[in-house]
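Enquirer: Residue numbers for the sequence shown, in the numbering used here: 45 to 297.
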Amino acid sequence: MLLRRITQHVKDQNWFAVFIDFFIVVVGVFIGIQVANWNEERARFKTETLALIELKKEIENVITLTEAKANTYKQAEDAGRRSIAFIDSGKICKDNCWNILVDFMHASQWQSLGVSDSIYKNIREQGFPKNTAIVDAVEAYLAQVSANESAFKDLPFYRSRVRQIISLKAQDFYWQHCWTLIDGIEEYDLNCPKGISDVESKEIVQQILKDPGIKPHLTEWIGNILSLPLTLGDQNKGAQRAVDIINQELESR
């Protein structure tokens, strides 16, 4: 319709009308482009908002898991301290050998300090978040994670040494009744029932005590994890700072 009108105006040499029609076409195209850009920007804004919500959930889940890891490492530290104290006492266990054996196992526990950052990597590939303060906060927190994970990437020598001595029968019972893993969170039961006889427990404990490498390696391992509650606490503070900035961004939308 508009093209026929323009053609007719040209035939009639009505240049003013041609100019008006041309102006209408240009304005229409311009408005169409602007509306398309606005719709695209609105869609990206909505996509980024949803991405930020998911990123917040990811970091909050990591905070919870990291707190749990700090707690279980503290349990391993306490078990290690009790084990070292028992070694230093020079005493021979009697009817409590199973509990002492469980402590030696608890002290050998190790967990990776890596965290999930798949959502963050995914939204970065999409060009989000646009707020550089969020990016800076998340990157700083992940740098802490990387440093902590690197420091604890290797299994402790003590873990391997003591588990070579503890019988498979005792270890099998331990994994079924003295340890749990639920939603990535480990728990160590200090009051689990006896898994083997007192005689068997006593024999294993005596073998552990005879190994000259047990105490040095256990001391080294417990010394390494002493600072973890503080270190992981600082890591979580960094994570919480990122969450707070994300919350500020979401509240402003």
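We put the CB at the ideal spot given by N, CA and C, even for glycine.
Quick caveat: nothing in here was measured; it's all calculated off a predicted structure.
Below 8 Å, can you find three or more Cβ-Cβ pairs linking the stretch 275–285 to the stretch 180–188?
Expert: As far as the Cβ criterion goes, the stretch 275–285 touches the stretch 180–188, which means the pair count is three or higher.
Enquirer: Cβ atoms of I266 and E121: under 8 Å apart, would you say?
Expert: It is a contact, given that the beta carbons lie within the stated cut-off.
Enquirer: Label V264 either buried or exposed according to how many other C-beta atoms from any shown protein chain fall within 10 Å of its C-beta, with 16 as the threshold for buried.
Expert: Note on identity: in this sequence residue 264 is Glu, with Val being the wrong assignment. Under this definition E264 is an exposed residue.
Enquirer: May I ask which residues mark the beginning and end of the alpha helix (DSSP H) holding S294?
Expert: A quick correction: the sequence has Leu, not Ser, at residue 294. Start and end: L272 to E295.
Enquirer: Where does G239 land, buried or exposed, given buried means 16+ other C-beta within 10 angstroms?
Expert: So G239 ends up on the buried side.
Enquirer: Who pairs with T224 in a beta bridge, going by DSSP?
Expert: T224 is bridged to E231.
Enquirer: Where in the stretch 131–186 do unbroken runs of the alpha helix (DSSP H), each at least 4 residues long, occur, reported from the N-terminal end onward?
Expert: Counting only runs of 4 or more, we get 141–150 and 162–169.
Enquirer: Considering Cα atoms alone, identify which of G134, L212 and S152 is closest to G124.
Expert: Of the listed residues, the one whose Cα sits closest to G124 is S152.
Enquirer: Once DSSP output is grouped into helix, strand and coil, what is the label at L46?
Expert: Because L46 sits at a pLDDT of 48, beneath the cut-off of 50, its placement in the model cannot be relied upon, and the point is left open.
Enquirer: For F130, count neighbouring C-beta atoms within 10 Å of its own C-beta (all shown protein chains included) and say buried if the count is 16 or more, exposed if not.
Expert: Buried: at least 16 other Cβ atoms inside 10 Å.
Enquirer: Using a Cβ-Cβ cut-off of 7 Å (strictly less than) and excluding sequence neighbours within five positions of L96, which residues of its own chain qualify?
Expert: Excluding positions up to five away in sequence, the list reads P173, I290, E293 and L294.
Enquirer: Using only the alpha-carbon positions, how far apart do P237 and V243 sit?
Expert: Whole-angstrom Cα-Cα distance: 15 Å.
Enquirer: Can you tell me where the alpha helix (DSSP H) with S245 in it begins and where it stops?
Expert: That run of the alpha helix (DSSP H) goes D242 to K254.
Enquirer: Using CA coordinates, which residue listed in C141, A87, Q155 and K101 is at the minimum distance from K113?
Expert: Here the closest residue by C-alpha is Q155.
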